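For reference, the structure discussed in these notes is given below.
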DNA sequence: CCCAGATAGTTGACGTATCACCAAAGATAA
DNA sequence: TTATCTTTGGTGATACGTCAACTATCTGGG
């Protein structure tokens, strides 16, 4: 605790490289997606969740859990997306407190137009650069780190 | 372009796993750092840059380049850090437009107190979970993806 | 039926990120 | 010198994320 175990030179390079890669990668993905479709990465994630449902709608808390977002973040974000006509709120007959969030026609058109190019960019920038073994290792790393995150509360 | 090459099932799992890991990992690191020292991860990065200099100060654009931040982001951020007493502005005699940003005594105390625990958390959550080969692969992945980012403008 | 506590979702305040624009100072050339 | 071009840095508007507080509704025990 008070006696730190510092990172080795090699670990420091790996850590810095990882942080820099992530910052630059998401900045590029965000910029391209925005230019291509006017969507942010967050918009994209919300719309993907909705298109994955049979009826293209979901309860707010359901979405929050699927996205791993705080409910207030989602609430603010949905208000902005609703203003832009990407989603709409529908009353929930079972529970008058609740609301359904539904994809609008414009929301569906937008995500259907944006997704192919976005996937191509991810492929170009990431998966085309990696070997199959590296992809395996990336998944293993993600799994192991998340297991530790789960362990430590 | 119009004909997407979708990700394989395995690639999708790796991509989702990676995004989820990063979101959860940085959220945890941020929360712990904040609780321990009152610093944000951004504050931390700025302070590390300053402590790395001999005279514990730097020009604004120098910092912006080192951090890979936009100058306006840095300007706003420094204004807030200055208000909290972590850094101070000093006049630049060589160039009256310019400013030095210098670590304050409080800034130095804060980062020196915060860094060991932060490094321990990174080690606990990440490097203690990985084999040496996995760390190598992480560095290779970061390098390869950043090379592609460099290539594509 | 009534009320306490839980649940669904929103709101407001504040810190932060980005964008576009601005201003002051320096550099360069006529 | 003046004109203009570049560099250094800041500002204000707007969007976003988080926290705490809030409203409205539901649910279970008396």
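Residue numbers (the working numbering), protein chains in the order written: chain A, 71 to 223; chain B, 71 to 223.
Here a beta-carbon is modelled for each residue, glycine too, at the ideal position from N, C-alpha and C.
This structure is a prediction, so every number in the text was calculated from the model and none was measured.
Pairwise C-alpha distance: residue j and residue i
{"i": "residue 128/A", "j": "residue 110/A", "result": "20 Å"}
{"i": "residue 119/B", "j": "residue 134/B", "result": "10 Å"}
{"i": "residue 214/B", "j": "residue 204/B", "result": "15 Å"}
{"i": "residue 194/A", "j": "residue 126/A", "result": "29 Å"}
{"i": "residue 212/B", "j": "residue 142/A", "result": "33 Å"}
{"i": "residue 170/A", "j": "residue 162/A", "result": "6 Å"}
{"i": "residue 131/B", "j": "residue 90/A", "result": "18 Å"}
{"i": "residue 207/A", "j": "residue 147/B", "result": "36 Å"}
{"i": "residue 167/A", "j": "residue 167/B", "result": "57 Å"}
{"i": "residue 224/B", "j": "residue 139/A", "result": "Residue 224/B falls outside the range modelled here, since chain B spans only 71 to 223, and no answer is possible."}
{"i": "residue 173/A", "j": "residue 164/A", "result": "20 Å"}
{"i": "residue 219/A", "j": "residue 83/B", "result": "18 Å"}
{"i": "residue 217/B", "j": "residue 217/A", "result": "30 Å"}
{"i": "residue 88/B", "j": "residue 223/A", "result": "20 Å"}
{"i": "residue 149/B", "j": "residue 94/A", "result": "25 Å"}
Option in the options with minimal Cα separation from residue i
{"i": "residue 187/A", "options": "102/A, 89/A and 81/A", "result": "102/A"}
{"i": "residue 112/A", "options": "144/A, 213/A and 135/A", "result": "144/A"}
{"i": "residue 192/B", "options": "93/B, 173/B and 99/B", "result": "99/B"}
{"i": "residue 85/A", "options": "86/B, 87/B, 92/B and 83/B", "result": "92/B"}
{"i": "residue 185/A", "options": "157/A, 104/A, 77/A and 199/A", "result": "104/A"}
{"i": "residue 177/B", "options": "96/B, 155/B and 163/B", "result": "155/B"}
{"i": "residue 221/A", "options": "149/B, 209/B and 199/B", "result": "199/B"}
{"i": "residue 137/B", "options": "219/B, 189/B and 117/B", "result": "117/B"}
{"i": "residue 75/B", "options": "175/A, 75/A, 189/A and 94/A", "result": "189/A"}
{"i": "residue 114/A", "options": "183/A, 88/A, 165/A and 219/A", "result": "183/A"}
{"i": "residue 175/B", "options": "88/B, 87/B and 121/B", "result": "121/B"}
Cβ-based neighbour list, residue i, same chain, cut-off 8 Å, excluding 5 preceding and 5 following
{"i": "residue 197/B", "result": "205"}
{"i": "residue 180/B", "result": "107, 108, 109, 117 and 156"}
Buried versus exposed, by CB contacts within 10 Å (16 or more), residue i
{"i": "residue 201/A", "result": "exposed"}
{"i": "residue 108/A", "result": "exposed"}
{"i": "residue 78/B", "result": "exposed"}
{"i": "residue 81/A", "result": "buried"}
{"i": "residue 96/A", "result": "exposed"}
{"i": "residue 71/B", "result": "Since pLDDT at residue 71/B reaches only 48, below the 50 mark, its modelled position is unreliable, and no value is offered."}
Cut-off 7 Å between Cβ atoms - residues of its own chain near residue i, not counting five sequence neighbours on either side
{"i": "residue 152/B", "result": "158 and 159"}
{"i": "residue 210/B", "result": "none"}
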